[in-house]
Amino acid sequence: MHKPIMTALSQSSRARLTAIRSQAHPFCVVCSPSNPLGLGLDFAVHQDGSVSASLHGHPALEGFQGFLHGGMIASLLDGAMANCLFAQGCVALTAELKVRYRKPVIIGQEMRVRAWITRSQAPLHLLAAELQQEGCIKARASAKFLERNDRTDHKRAG
Numbered sequence: 005m006h007k008p009i010m011t012a013l014s015q016s017s018r019a020r021l022t023a024i025r026s027q028a029h030p031f032c033v034v035c036s037p038s039n040p041l042g043l044g045l046d047f048a049v050h051q052d053g054s055v056s057a058s059l060h061g062h063p064a065l066e067g068f069q070g071f072l073h074g075g076m077i078a079s080l081l082d083g084a085m086a087n088c089l090f091a092q093g094c095v096a097l098t099a100e101l102k103v104r105y106r107k108p109v110i111i112g113q114e115m116r117v118r119a120w121i122t123r124s125q126a127p128l129h130l131l132a133a134e135l136q137q138e139g140c141i142k143a144r145a146s147a148k149f150l151e152r153n154d155r156t157d158h159k160r161a162g
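Counting the sequence shown from 1 gives a position; the working numbering is that position plus 4.
Structure representation (structure tokens):
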């Protein structure tokens with residue numbers, strides 16, 4: 005497996021992703037290196053603005069025997085899309101997530117999650133993601149993200 009060539013653009017996007025992730029997702033179960041129970045995914049930023057990460061599904065993430073839990077699949081896809089936005093300097097919350105499960109994801113085999121922006125007009129961002137295993141798309145997602153507004157987010161939560 006080859007690593008993406010890091011250019012100045014992808015290096016600055018990577019730095020932005022890392023900085024925003026540490027502020028906005030300090031204990032995220034998908035991407036935070038600080039969560040001892042989390043996955044700690046390290047997303048690479050690609051020239052086209054997409055992000056990707058690879059992992060092996062641990063048996064503790066199992067749903068049906070031998071398969072990754074569907075909720076974990078949704079979390080991986082959602083986390084990848086959030087990190088894609090971080091790489092663009094944007095912090096946004098998931099407003100809608102649609103997941104299409106195509107085939108079971110096998111525990112213990114390498115999988116790759118990738119996300120990209122399909123349309124962006126602040127404060128709304130539309131993203132897509134897919135989870136692949138052995139060259140086969142196992143799940144796809146589309147989502148709407150709304151930029152975070154610290155002044156009003158606490159009012160919506162109550």
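Here a beta-carbon is modelled for each residue, glycine too, at the ideal position from N, C-alpha and C.
For clarity, every value in this text was computed on a predicted model and none was experimentally measured.
Task: S124 versus I24 - alpha carbon distance - done: As a first step, residue 124 must be located in the sequence shown, where it is residue number 120. As a first step, residue 24 must be located in the sequence shown, where it is residue number 20. The straight-line gap from Cα to Cα measures roughly 18 Å.
TODO: Mark D52 as exposed unless 16 or more other C-beta atoms lie within 10 angstroms of its C-beta, in which case mark it buried.
DONE: For the purposes of this step, residue 52 is taken as the residue at position 48 of the sequence shown. Its Cβ having fewer than 16 others within 10 Å, D52 is exposed.
Open item on the list: Taking only three categories from DSSP, how would you classify C140?
Closed with: Looking up residue 140 in the sequence shown gives position 136. Note: C140 maps to strand in three-state DSSP.
Open item on the list: With a threshold of 7 Å on Cβ separation, who are the neighbours of F31 within its own chain once the five nearest residues in sequence on each side are excluded?
Closed with: As a working mapping, residue 31 is identified with position 27 in the sequence shown. Excluding sequence neighbours, F31 sits near S38, N39.
TODO: Could I get the ranges of all uninterrupted alpha helix (DSSP H) runs contained in the segment 19-43, with 4 residues as the minimum, in chain order?
DONE: none
Task: Bounding residues of the beta strand (DSSP E) (the contiguous stretch that carries L59) - done: Position 55 of the sequence shown holds residue 59. Start and end: 55-60.
TODO: Output the distance between the C-alpha atoms of Q15 and V49, rounded to the nearest integer angstrom.
DONE: Along the sequence shown, one-based indexing puts residue 15 at 11. Along the sequence shown, one-based indexing puts residue 49 at 45. C-alpha separation (whole angstroms): 8 Å.
TODO: Could you have a look at I111 and say whether DSSP puts it in helix, strand or coil?
DONE: Here residue 111 refers to the residue found at position 107 when the sequence shown is read from its first residue. It is coil, neither helix nor strand.
- [ ] Could you tell me if H29 is buried or exposed, where buried requires 16 or more neighbouring beta carbons within 10 angstroms of its beta carbon?
- [x] Sequence index remark: in the sequence shown, residue 29 carries index 25 (1-based). Looking at its Cβ environment, which holds 16 or more other Cβ atoms inside 10 Å, H29 is buried.
TODO: Please say whether L81 and A133 have beta carbons closer to each other than 8 Å?
DONE: Numbered from 1 along the sequence shown, position 129 holds the residue referred to as residue 133. Numbered from 1 along the sequence shown, position 77 holds the residue referred to as residue 81. The answer is yes: Cβ separation under 8 Å.
Task: Alpha-carbon to alpha-carbon, E100 and C35 - done: For this step, residue 35 is matched to residue 31 along the sequence shown. For this step, residue 100 is matched to residue 96 along the sequence shown. Rounded to whole angstroms, the separation of the alpha carbons of E100 and C35 is 20 Å.
Task: Distance, L59 Cα to S107 Cα - done: Here residue 107 refers to the residue found at position 103 when the sequence shown is read from its first residue. Here residue 59 refers to the residue found at position 55 when the sequence shown is read from its first residue. A small correction: the amino acid at residue 107 is Lys; Ser does not occupy that position in the sequence shown. Rounded to whole angstroms, K107 to L59 spans 17 Å at the Cα level.
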